[in-house]
Amino acid sequence: MKLNRKNKLLIGLGTTALILISKLFVIQIIDDKYKLDAENNSMVYSIIYPTRGIIHDRNGKILVGNKVAYDLLVTPREVEEFDTLGLAKVLDVSPDVIRDKMAEYRKNRRRIGWQSVVMLKQIPQETYMKFAEVAYRFPGFRGQARSIREYPYNAGGNLLGYVSEVDARYLKNHPDEYKSGDYAGMTGIEAARERELRGEKGYTIWLRNSKNRIESRYRDGEMDKEAIPGKDITTTIDAELQHYGQMLMQNKVGSLVAIEPSTGEILTMVSSPGIDVEMLADIGQHYGEISSNPYKPMFNRAVQAPYPPGSVFKLVNGLIGLEEGVVTPQTHYPCSMGYKFGKNKLGCHAHKSPLSFEESIMMSCNAYYCYILRDLLENGKYGTIGVAMDKWQEYVKSFGFGQKLGSDFPSELGGFIPGSGYYNKVYGKGGWKATTVISLSIGQGEIGTTPLHMANLCATIANRGFYYIPHIIKDSENVMIEDKYKERHYTMVDTTHFPKVVGGMYRAVNSGFGSGGTASIAAVKGLEICGKTGTAQNPHGSDHSVFICFAPKDNPKIAVAAYVENGGFGATYAAPIASLLTEMYLNKEISEERKYLEERMMQSNLMDRVRVRNR
């Protein structure tokens with residue numbers, strides 16, 4: 000049957016009507032969103048801020064907790080004449096603060112409307128309770144509870160980071176997640192784990208009557224949303240050890256990092272000087288003081304300072320030499336107070352000569368490693384020095400150097416390990432040779448590594464050839480770490496070579512005074528500490544003191560790297576500090592015969608040795 004034009008029109012109108020009826024049914028009956036929008040002008044949203052997740056140490060101790068504070072809100076259109084002096088006295092602020100705020104609100108009266116705005120932020124609970132007792136005298140003023148951070152332990156200021164109010168730039172980068180007045184983690188763990196820690200805001204919806212007074216809960220609270228607290232996080236940090244490490248490093252510039260070799264978990268990460276946790280609690284008040292400090296306490300040297308590693312890097316070159324077959328445990332090289340090449344000489348300290356491989360580690364002979372590096376770079380099997388150089392670079396990077404390790408800690412730098420491309424740019428292709436870069440043999444020259452890299456090297460040797468990516472968050476009920484932190488990363492050096500290096504490190508510490516071992520001061524009875532000293536040359540003042548160690552020798556529980564700027568020889572400051580930290584972790588106390596050493600390290604002040612800007 001053919002439809003005439005009239006029938007087609009009727010059908011079209013009927014269809015349209017059905018669509019409109021259906022839409023109206025959805026709007027009026029099913030979809031509350033439209034009703035909420037329609038009533039929005041009479042609704043007042045009272046935000047409920049979630050409590051931020053708690054940060055624990057590996058033993059369950061609270062590193063960062065919460066305490067209640069209050070924001071004082073004011074609805075300017077509800078404010079009547081009030082006792083300004085009385086309110087200021089209750090809130091412990093200047094009357095001018097109240098007057099200036101109210102003048103600003105009156106100026107922006109049209110824009111603010113019936114909204115509530117924050118007059119004072121983070122009022123202590125005891126102060127707010129005083130206000131609550133007299134709040135009836137101040138119509139239009141009310142409190143809004145929120146939690147702020149507190150720090151039971153003075154440990155890990157740089158590590159933990161701080162929380163502050165988001166600024167315009169932060170809002171621009173997170174347009175859908177935050178609003179003005181919100182707080183977020185800005186540095187450290189607080190920033191790295193912001194998503195888990197922050198929680199979700201809730202709200203209570205109130206209705207205004209025709210006189211714009213709050214009348215009742217909207218739909219008896221049916222549409223309210225509860226705040227969801229942030230997730231608690233368990234870190235790998237040992238709070239007591241962290242605090243002890245800070246005490247050892249006080250009045251010094253540098254870093255102290257400890258790793259559990261069997262897991263890659265970071266036990267301690269000290270950057271000195273660091274931020275006192277008391278300042279974190281009110282970062283806004285102290286930010287100017289912190290940022291203007293010439294020693295840069297916000298700069299986390301553990302992961303951001305690309306230091307020359309000095310003689311601890313000899314261990315890497317020694318392992319590469321063993322793998323490449325240019326040296327064996329039985330190889331002896333001479334040393335005449337250094338290594339001569341042409342008219343030049345790379346100096347060394349006085350010790351017996353010639354030395355075996357283990358003895359070269361024990362006595363930290365510079366000449367021995369010059370021989371190794373030269374033989375590596377002039378190895379005929381690679382054809383050219385450029386190819387050999389790039390092979391050496393590849394070996395070194397397999398230890399994690401010259402790149403980010405992939406830690407879950409923010410702001411990690413990769414450091415720098417040069418290859419042929421770098422030297423071709425500096426000297427021109429064919430314009431350099433092994434002796435040009437001979438300083439690489441002892442961890443000097445263009446090498447840049449962080450204390451985290453050095454601690455990871457120590458953990459790798461402790462494990463006899465592999466490491467786990469260092470990380471600072473532990474598996475817990477709330478937060479699971481990524482699988483990559485549970486994977487072993489092997490170096491390009493066969494695991495059979497590592498015991499020879501371990502033997503040299505053991506002798507460096509435990510051969511006794513007068514033996515030539517450079518780290519005898521680090522020996523602790525019964526612990527079998529294995530270590531290597533380093534003295535990193537510094538053209539701007541005293542050399543840097545470096546030491547890495549692990550213990551026990553078999554089934555190691557801790558690997559440590561200590562770096563003390565301008566501390567001199569490795570045995571002067573870094574070795575005592577690292578060994579004391581090791582002893583405290585394993586024995587839970589310092590033996591009486593080493594108490595003098597602990598006292599000396601804690602009382603030593605090297606700040607005047609450090610070259611700083613704006614001082």
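Take 0 as the starting number for the sequence shown in numbering that gives the first Met the number 0 and just add one per residue.
Glycine residues also receive a C-beta, built at the ideal position from the N, C-alpha and C atoms.
So who's on the other strand from F140, going by DSSP bridges?
V73
Give me, in chain order, the residues of the same chain whose beta-carbon lies closer than 6 Å to that of L321; leave out the 5 immediate sequence neighbours on both sides.
Setting aside the 5 residues that flank it on each side, L321 is surrounded in the same chain by H496, each with a C-beta closer than 6 Å to its C-beta; the list follows chain order.
Which first and last residues belong to the beta strand (DSSP E) in which I319 is found?
Run containing I319: none in the beta strand (DSSP E); it sits in the alpha helix (DSSP H), K313 to E323.
On the CB-based measure, 16 or more other CB atoms within 10 Å of its CB, does L84 come out buried or exposed?
exposed
Assuming I416 and Q392 form a contact by the criterion Cβ under 8 Å, report the distance between their Cβ atoms to the nearest whole angstrom.
6 Å
In the structure shown, what three-state DSSP assignment does D30 receive?
With a pLDDT of 45 at D30, under the threshold of 50, the modelled position of that residue is not reliable, and no figure is offered here.
Identify the continuous beta strand (DSSP E) that holds S163 and give its terminal residues.
V162 to E164
Going by Cα to Cα distance, which pick from T532, T534, R608 and D493 is closest to G540?
When each option's Cα is compared against that of G540, the closest is R608.
In whole angstroms, what is the alpha-carbon distance linking G112 and R76?
7 Å
If you draw a straight line from the alpha carbon of H173 to that of R145, how long is it in whole angstroms?
21 Å
Check whether the segment 219 to 238 and the segment 186 to 202 are in contact - that is, three or more C-beta pairs closer than 8 Å.
The segment 219 to 238 makes contact with the segment 186 to 202; the number of CB pairs closer than 8 Å reaches 3 or more.
Kindly indicate which three-state DSSP category G253 falls into: helix, strand or coil?
strand
Return the CA-CA distance between E591 and Q602, expressed in angstroms with no decimal places.
17 Å
In terms of residue numbering, what span does the beta strand (DSSP E) encompassing T459 cover?
Taken as a continuous stretch (DSSP letters only), T459 belongs to no beta strand (DSSP E), being part of the alpha helix (DSSP H) at P450 to A461.
How far does the alpha helix (DSSP H) with D261 in it reach, from first residue to last?
According to the sequence displayed, residue 261 carries Ser and not Asp. It is not in any alpha helix (DSSP H) - S261 carries neither H nor E in the DSSP assignment.
Would the segment 517 to 530 and the segment 262 to 278 be scored as touching if the rule is three or more Cβ pairs under 8 Å?
no
Secondary structure at V116, three-state DSSP: helix, strand or coil?
strand
I need the DSSP call for H496, collapsed to helix, strand or coil.
helix
For the alpha helix (DSSP H) holding W391, just list the boundary residues, first then last.
Taken as a continuous stretch (DSSP letters only), the alpha helix (DSSP H) holding W391 covers I384 to K396.
Counting only the same chain and skipping the five closest in sequence on each side, list residues whose C-beta sits under 6 Å from that of G447.
If the five residues before and after G447 are omitted, its C-beta is found closer than 6 Å to the C-beta atoms of P305, G414 and F415, all from its own chain and listed in chain order.
For F312, which residues of its own chain have a beta-carbon under 6 Å away from its beta-carbon, when the five flanking residues on both sides are left out?
G442
When you compare the CB positions of L72 and R141, do they come within less than 7 Å of one another, or not?
yes
Nearest-angstrom Cα distance between T534 and G187?
30 Å
Determine the closest residue to T383 out of V395, S419 and S359, with distance taken between C-alpha atoms.
S419
In this structure, does DSSP put M600 in helix, strand or coil?
Collapsing the DSSP output to three states places M600 in a helix.
Compute the Euclidean distance between the alpha carbons of I460 and V501, then round it to the nearest angstrom.
7 Å
Please classify A154: does DSSP put it in a helix, a strand, or coil?
coil
Pull the bridge partners of V559 from the DSSP assignment, please.
Paired residue(s): A257 and C548.
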